[in-house]
Structure formats: C-alpha cells, structure tokens
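Each step along the sequence shown adds one to the number in the numbering used here, with nothing skipped, and position 49 is 52. Note sheet for the following structure.
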Amino acid sequence: MHPDAGVMKTSVVEQEKPGLVDWPAVQARLREQGIVLVGGGADEAPEVYKRLPDVLAAHAGTTRVKHRLRPLGVAMAGRGVHDPYKD
Numbered sequence: 004m005h006p007d008a009g010v011m012k013t014s015v016v017e018q019e020k021p022g023l024v025d026w027p028a029v030q031a032r033l034r035e036q037g038i039v040l041v042g043g044g045a046d047e048a049p050e051v052y053k054r055l056p057d058v059l060a061a062h063a064g065t066t067r068v069k070h071r072l073r074p075l076g077v078a079m080a081g082r083g084v085h086d087p088y089k090d
C-alpha cells in the first residue's frame with residue numbers, strides 16, 4: 004500500500020422495510036399463467052425490473068435491436084440451497 008493512502012473502513016447496516024411487491028400475489032399470478040417457480044424470491048418478481056421497451060427507448064439511437072428473445076424458464080436456487088455460482 005502507498006504510504007500516503009489512508010485506510011477506510013466501511014460498515015454496511017442491513018435495513019429491512021416493507022417492499023412494494025406483494026410476493027404471495029406474484030406467486031399466485033405466476034401459477035395462474037402456468038409458470039412453475041423454482042427458487043427465487045420477491046427480489047426477482049417482475050415488478051422489480053424495468054420494462055424492456057422503456058429501457059430500449061432510453062437507448063434509442065445508440066443501439067440496434069436485431070432480435071428479442073422470450074425466456075422459456077428461469078430457475079434459481081432457493082434460500083436454503085447452496086448455489087456455487089452466486090457471488
């Protein structure tokens with residue numbers, strides 16, 4: 004370390020507060036659509052993501068869309084499952 008460099012200590016306080024996602028309602032809606040949810044949580048609910056058309060519109064003129072893919076499925080490790088690919 005460079006002698007003039009200071010040491011910075013950062014602490015992170017985990018804060019929990021009610022979210023805007025009604026997770027049971029999301030799960031019910033997915034079931035009604037025939038989607039089988041394996042793993043994942045409220046942080047992966049569709050409501051937490053920006054809509055693709057809005058994102059593409061924000062990048063208009065800088066990108067060219069050649070094709071859009073529609074996902075067939077998404078599988079994530081549940082809370083109690085060890086996921087070797089997590090950061």
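Heads up, the beta-carbon is just placed ideally off N, CA and C, and yes, glycines get one too. Every value quoted in this text rests on a predicted model; they were computed, and no experiment measured them.
Own chain, CB closer than 8 Å to V84, minus 5 neighbours either side, in chain order: Position 81 of the sequence shown holds residue 84. Result list for V84: G42, in chain order.
Same chain, Cβ closer than 8 Å to A45, five either side skipped, listed in chain order: Position 42 of the sequence shown, counted from the start, is the residue given in the question as residue 45. Take A45, set aside five residues on each side of it, and the residues of its chain with a beta-carbon closer than 8 Å to its own are G22, V24, W26, V29, V51, in chain order.
A48, DSSP secondary structure in three states: Within the sequence shown, the letter at position 45 stands for residue 48. Residue state, collapsed to three classes: coil.
Neighbourhood of L72 by C-beta, 7 Å cutoff - its chain only, sequence neighbours within 5 removed: Position 69 of the sequence shown, counted from the start, is the residue given in the question as residue 72. Taken in chain order, the list of residues that qualify is empty.
CB contact flag (V39, G76, <9 Å): In the sequence shown, residue 39 corresponds to position 36, counting from 1. In the sequence shown, residue 76 corresponds to position 73, counting from 1. Yes, the Cβ-Cβ distance between V39 and G76 is below 9 Å.
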